[in-house]
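2 protein chains.
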Amino acid sequence: MNVFLVFAHPEPKSFNAALRDRAVDVLRECGHAVVVSDLYEMKFKAVIDHDDFPDPLNPAMLQIPLEQEAAHARGTTAADIAAEQRKLIAADLVIFQFPLWLYGLPAILKGWCERVFSSGFAHETTPSGERRWFENGGLKGRRAMLSLTCAGAETAFQPDGRHGDMDRILWPIHNALRYAGFDVLPPVVSYAVLRGGELGRANALDRLEGRLRGIETDTPIPFHSLDEYDDAHRLKAGIAPRTPGQHRGPGYLSRTPSS
Amino acid sequence: MNVFLVFAHPEPKSFNAALRDRAVDVLRECGHAVVVSDLYEMKFKAVIDHDDFPDPLNPAMLQIPLEQEAAHARGTTAADIAAEQRKLIAADLVIFQFPLWLYGLPAILKGWCERVFSSGFAHETTPSGERRWFENGGLKGRRAMLSLTCAGAETAFQPDGRHGDMDRILWPIHNALRYAGFDVLPPVVSYAVLRGGELGRANALDRLEGRLRGIETDTPIPFHSLDEYDDAHRLKAGIAPRTPGQHRGPGYLSRTPSS
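Structure follows, in structure tokens:
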């Protein structure tokens, strides 16, 4: 497999960097090719703005989807974005390694997604009206997985936990990946990384390694398919909406955390 | 009231800018004082990195919460962050005006939250072990509200909609605001802003105005209180976890969108 690892932490000595290094080592040991984008090291531009479109279709007013689509069609996508898009095209699996900050992606990674998963590349409505999104998105046929750290304990991220259900917290991110066409694998979450001590961190590294060794046969998180929706973008009669974590089975709400 | 409006859109002619302007006009007409941070115009630094801590407690390794707390205690918080924190302290109500991008905050606004809602300021564990978070967070006594635009139709953001339930999409953002101490008011969502035409946009502006005219008596979204959790950070026996949108009542799943 070709694996593309997107890394977002400012500190080279961080535990996130240790997780990245373990992932790269294990994946290469398994015979996969690995490419890494270290967003902080690259000083990746985090913010979409007028500078992304030096030759705009509409100089009077920036409409981002319009300009992204025009740039994609004309081959004038900004060089730093186009380079990341080429890595995505070449990848079978994309791994995002990051710390969960305020229940979301670090800004540099959120901005990477906004700029790289552009309209025209990752999703679009074609001139004939066809929608390229979700399982028909620009990155279909590829798999994506989040690998994240958080300061809180696993108990606090249960459905009845103080920070709320981790599956629910990650749902908008997973849905954004699905929107771009990815099959989304269950995440690897390393909890309580600041308080777990050396043993806790060693266990977290081993858990990530274990997941990566079996990743070729991992089952993606189920999403509704396009044909389950009607023309008003609602589920057809008789189809109940999925909820985050539902795929974990009926014991989900009462599951016991592993740490 | 003192109102602080945080604005995140790169285009001065955008509909988000029109919503911002209407909000400012209405709030001032109602006798409130309004301060605006236009993050793009300010070129607000979106990314936490080593540059935020020029005189670090630990030069060998950046641990962000540690450095944020030390900077806060010593009064050395970066000037651009401290200025925003002063606006928050002075505010009774904070409004965030932004486009929903990939089911989340624009990167520049996510980064503003990461840098400004810092450890030591918005949340912390005191030396005596007291947790300042959620209803005991640094910004307690203040209210916050999201006002956002999205390209999709309201039908697509219902619980059975193609993009998923808007309450669920916004839940991590709302919980981050709650974590910092805010009472969180229900959001104002302007749907289908690109396709709604002039009438749709006029209606959206009027809806925002209507909400703002009644905002002093608005009821916040309910969250679990700190005393509902046990020492393992889980809800005490017999307390069922709240779900996003639950406060809308039992008709929630079958509600008919207004547009």
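The listed protein sequences correspond, in order, to chains G and R.
Straight run, no breaks: the first sequence in my numbering ends on number 259.
Straight run, no breaks: the second sequence in my numbering ends on number 518.
Where is the CB? At the ideal position from N, CA and C, for every residue including glycine.
- R:T476 sits exposed, since fewer than 16 C-beta atoms from the chains shown fall within 10 Å of its C-beta.
- Chain order gives no chain G residues near R:T336, where near means a beta carbon separation below 9 Å; the closest approach is about 17 Å.
- When DSSP states are grouped into helix, strand and coil, R:N317 belongs to the coil group.
- Listed along chain G is no residue with a C-beta nearer than 7 Å to that of R:M425; the closest approach is about 10 Å.
- Around the beta carbon of G:R115, 16 or more other beta carbons lie within 10 angstroms, which makes this residue buried.
- Between G:R248 and chain R, the shortest Cβ-Cβ separation is not below 7 Å.
- Contacts with chain R at 7 Å (Cβ-Cβ) do not include G:G137.
- Judged by their CB atoms, G:F223 and G:A180 are not nearer to each other than the 7 Å cut-off.
- Around the C-beta of G:M61, fewer than 16 other C-beta atoms lie within 10 Å, and the residue is accordingly described as exposed.
- R:H382 and R:W392 do touch by the CB rule: their CB atoms are close to 5 Å apart, below 8 Å.
- Per the C-alpha coordinates, the member of R:K495, R:A350, R:A451 positioned closest to G:D160 is R:K495.
- Contact between the stretch 46 to 59 of chain G and the stretch 146 to 164 of chain G is absent: fewer than 3 CB-CB pairs across the two stretches fall below 8 Å.
- Under the Cβ criterion of 7 Å, R:M404 is not counted among the residues facing chain G.
- Distance from the CA of G:I169 to the CA of R:D424, rounded to the nearest whole angstrom, comes to 13 Å.
- If you ignore the 5 residues before and after R:T335, its C-beta comes within less than 7 Å of the C-beta of D314, all in its own chain and listed in chain order.
- When DSSP states are grouped into helix, strand and coil, R:L352 belongs to the strand group.
- The three-state secondary structure of G:A144, taken from DSSP, is strand.
- Taking all protein chains shown into account, R:S273 has 16 or more neighbouring C-beta atoms within 10 Å of its C-beta and is therefore buried.
- Of all residues in the stretch 26 to 50 of chain G, the ones placed with a Cβ closer than 7 Å to any Cβ belonging to chain R are Y40, A46, V47, I48, D49, H50, in chain order.
- Rounded to whole angstroms, the gap between the alpha carbons of G:A78 and G:L27 is 30 Å.
- In the displayed model, G:A180 falls within coil according to three-state DSSP, outside both helix and strand.
- If you look at R:N261, you'll find it in the beta strand (DSSP E) that goes 261 to 266.
- DSSP places R:H382 within a strand segment (E or B) once states are collapsed to three.
- By the Cβ test, the stretch 6 to 25 of chain G is not in contact with the stretch 275 to 282 of chain R, since fewer than three Cβ pairs between them sit closer than 8 Å.
- For R:V294, the three-state secondary structure derived from DSSP is strand.
- Between G:A23 and G:L5 a beta carbon distance of about 6 Å is seen, short of the 8 Å cut, so the two are scored as contacting.
- It is roughly 23 Å from the alpha-carbon of R:M301 to the alpha-carbon of R:I432.
- Close to R:A491, with beta-carbon spacing below 7 Å, are these residues of chain G in chain order: T155.
- If you ignore the 5 residues before and after G:V35, its C-beta comes within less than 8 Å of the C-beta of N2, V3, F4, L5, K87, A90, A91, all in its own chain and listed in chain order.
- Cα atoms of G:V188 and G:L208: separation of roughly 7 Å, rounded to the nearest angstrom.
- Non-local C-beta neighbours of G:R242 in its own chain, meaning closer than 8 Å and more than five positions away in sequence, comprise P222, F223, H224, ordered along the chain.
- Under the three-state reduction of DSSP output, R:R421 falls in the coil class, being neither helix nor strand.
- R:N434 belongs to the set of residues whose beta carbon lies under 7 Å from a beta carbon in chain G.
- Between G:G138 and G:F157, the C-beta spacing is not below 7 Å.
- Taking a Cβ-Cβ cut-off of 7 Å, the neighbours of R:I428 in chain G comprise P172, given in sequence order.
- Counting only Cβ-Cβ distances below 7 Å, G:D160 has contacts in chain R at R493, L494, P500, in chain order.
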